[in-house]
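A.B. asks:
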Amino acid sequence: MEIISGTVIDKLGFHARPASKVAKLATTFKSQIKIISGEKSGNAKSIMNIMALGIKMGSNFTIEVSGEDEIIAAKAIKELIIAEKLILE
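So in full-length UniProt numbering the end of the sequence shown lands on 89, straight run, no missing numbers.
(1) Quick check on GLU79: does DSSP put it in helix, strand or coil?
(2) Got a sec? Which residues, its chain only, sit under 8 Å from ALA19 by beta carbon, not counting five neighbours each side?
(3) Which class does VAL8 belong to by DSSP, given the choice of helix, strand or coil?
(4) Going by DSSP in three states, LYS30 sits in which element: helix, strand or coil?
(5) By DSSP, does ILE71 sit in helix, in strand, or in coil?
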């Protein structure tokens with residue numbers, strides 16, 4: 001299992017645009033990809049699941065990736081959320 005953790009730095013939080021990009025990217029991988037914030041979790045392959053978490057600026061979140069392509073998937077997702085300026089490197 002690969003784990004990505006971060007604190008949201010975007011003033012809009014984990015909003016629709018980056019959520020849709022993460023979900024779209026996540027669907028290209030075979031691995032299971034789960035996003036967790038507080039006591040809530042959801043499937044990162046679903047924009048609705050990501051948005052339902054209501055991750056705001058300053059909130060911590062974790063993305064867990066497990067499966068045959070977990071290393072590649074985690075690297076790609078981490079690069080995307082950094083490029084979207086959701087977290088710092």
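Ideal Cβ positions, reconstructed from N, Cα and C, are used throughout, including at glycine. If you're wondering where the values come from, they're calculated on a predicted model, not measured in any experiment.
C.D. replies: This is what the structure gives:
(1) Look at GLU79 here: in three-state DSSP terms it is helix.
(2) Within its own chain, the residues whose Cβ lies closer than 8 Å to the Cβ of ALA19, once the five positions on either side in sequence are excluded, are ILE47, ILE50, MET51, listed in chain order.
(3) In the displayed model, VAL8 falls within coil according to three-state DSSP, outside both helix and strand.
(4) If DSSP states are grouped into helix, strand and coil, LYS30 belongs with coil.
(5) In this structure, ILE71 counts as helix in the three-state DSSP scheme.
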